[in-house]
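Worksheet: the structure to be examined is printed underneath.
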Amino acid sequence: MIIEFIKMNGYGLYVWLSFSIVLFSCAVFYLKTKKTLRKYENDFLVELQKLSVEEKNKALGNSKVAQQILAANSKMN
Amino acid sequence: MFKFFSSTSIYSLIHKLINFINSIFFLILIIGLTFALVLSPPDYIQGDSVRIMYVHVPAAWLGLACFAFITFLSIFNFVFKIRNFYFINKSIAPIGLLFTCLAIVTGSLWGQPTWGTWWVWDARLTSMFVLMLFYVFYISAFKLLDKEETIVKVSSTIAIIGSINLPIIKYSVEWWTTLHQPASIKIAGSSSVHPAMLLPLLVMLLVFLLYGALIFLMKYKTEIIRIKKKNIKRI
């Protein structure tokens with residue numbers, strides 16, 4: 004029964020290949036996008052650390068985005 | 479009016495939406511795949527090869543929808559000069575290209591057992607190929623040009639010219655004799671797809687929509703961080 008399901012009456016190669024290509028491409032694209040996002044978040048934090056204490060406090064005080072990136076990074080660590 | 483589109487107010491919403499989609503995505507994917515590969519019946523003519531429809535059709539629809547959306551925002555950006563639309567378009571384009579490529583590849587894999595050929599230069603297939611080329615040109619504008627103003631002009635021009643291809647894709651099966659079958663599902667009018675196949679198709683469309691939204695949100699978030707990083711001393 005499992006063999007029949009895999010063979011799909013002779014169309015198995017086309018069906019499984021189609022679904023595999025879609026799932027694989029989408030997974031690779033997702034991981035690549037996630038990696039880029041992490042890289043930019045880390046780069047942002049590195050830039051933030053380079054600022055003087057006064058500049059850093061000003062940036063964190065004025066920017067909700069900076070606060071959230073810092074908070075998200077603290078959670079991950 | 480457009481305060482909602484400011485990057486700061488959108489950023490926290492994006493974070494919540496990404497978490498929400500991540501929490502439900504795999505459940506809906508499993509349901510969609512179970513329907514598509516196990517529960518839906520084979521077609522009386524095409525047999526089990528019809529299951530390719532559940533990935534081919536949503537990919538093609540979303541490939542077209544992304545380009546239509548890009549064109550709409552490009553025109554809007556041309557008139558109102560809303561900078562966030564530039565970033566939205568930049569984030570959507572790769573998703574549209576991915577879906578268009580997947581539609582072409584899965585269509586080819588469906589064509590071989592159904593028509594006896596992987597590819598034929600008929601109106602529908604050729605117009606989809608042209609759409610893929612427009613996506614490549616559009617994304618290249620962002621990669622190759624430096625000045626944002628120039629990128630907006632060039633990419634918007636590509637999008638507006640490329641949008642002429644959208645009705646050609648839609649009506650190609652009616653205007654010309656093609657191997658590709660006419661539309662089975664119509665926005666206005668009845669669908670010729672049996673509910674037993676329509677339901678899996680709609681679930682898989684939801685899976686593709688959620689996936690596209692997830693990638694878009696991640697890419698858009700990346701763009702916001704990139705801009706904030708660039709202007710970190712001016713925050």
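Same order as they appear, the protein sequences are chains A and B. According to this note's numbering, the first sequence holds residues 4 to 80 in order. According to this note's numbering, the second sequence holds residues 479 to 713 in order. Cβ atoms here follow ideal geometry from the backbone N, Cα and C, with glycine treated the same way. The structure presented is a predicted model; accordingly, all values stated were derived computationally and were not measured.
For Pro520(B), there is no enclosing alpha helix (DSSP H), since its DSSP letter is neither H nor E.
For Ser28(A), the nearest CB of chain B lies under 8 Å from its own CB, placing it at the interface with that chain. Distance between Val685(B) and Val25(A), taken at the CA atoms: about 12 Å. The Cβ-Cβ distance between Ile499(B) and Leu683(B) does not fall below 8 Å. Cβ contact annotation for Leu677(B) (same chain, cutoff 7 Å, sequence separation greater than five): Phe513, in chain order. Between Val630(B) and Tyr698(B), the C-beta gap is not smaller than 8 Å, which leaves the two residues out of contact.
The C-beta distance from Tyr14(A) to Gly574(B) rounds to 29 Å, too long to meet the 8 Å contact threshold. Around the beta-carbon of Asn562(B), 16 or more other beta-carbon atoms lie within 10 Å, marking it buried. Residue Leu576(B) holds the alpha-carbon nearest to the alpha-carbon of Cys544(B) among His534(B), Val528(B), Leu576(B). Taking 8 Å as the cut-off, the Cβ atoms of Ala546(B) and Leu644(B) count as close. Within the stretch 50-74 of chain A, contact with chain B at the beta-carbon level (separation under 8 Å) is assigned to Glu50, Leu51, Leu54, Glu58, Lys61, Ala62, Asn65, Ser66, Lys67, Val68, Ala69, Gln71, Ile72. For His534(B), the secondary structure class from DSSP, reduced to helix, strand or coil, is helix.
Chain A has no Cβ within less than 8 Å of the Cβ of His658(B). Here the alpha carbon of Trp599(B) sits roughly 10 Å from the alpha carbon of Met606(B). Proximity of chain B to Ile6(A) at the Cβ level (cut-off 8 Å) is not reached, the minimal Cβ distance being about 14 Å. Residue environment: Phe504(B) is assigned as exposed (fewer than 16 neighbouring CB atoms within 10 Å of its CB, all protein chains considered). The way I'd put it, the stretch 548-556 of chain B doesn't touch the stretch 38-48 of chain A; fewer than three beta-carbon pairs between them come closer than 8 Å. Proximity of Asn12(A) to chain B, defined by a Cβ-Cβ separation below 8 Å, is satisfied. Rounded to whole angstroms, the separation of the alpha carbons of Gln71(A) and Thr584(B) is 40 Å.
With respect to the 8 Å criterion, Ser586(B) and Trp593(B) are not classified as neighbours on the basis of their beta carbons. In this structure, DSSP gives Met4(A) a state outside helix and strand, which the three-state scheme calls coil. With respect to chain B, the C-beta atom of Leu34(A) has no partner C-beta closer than 8 Å.
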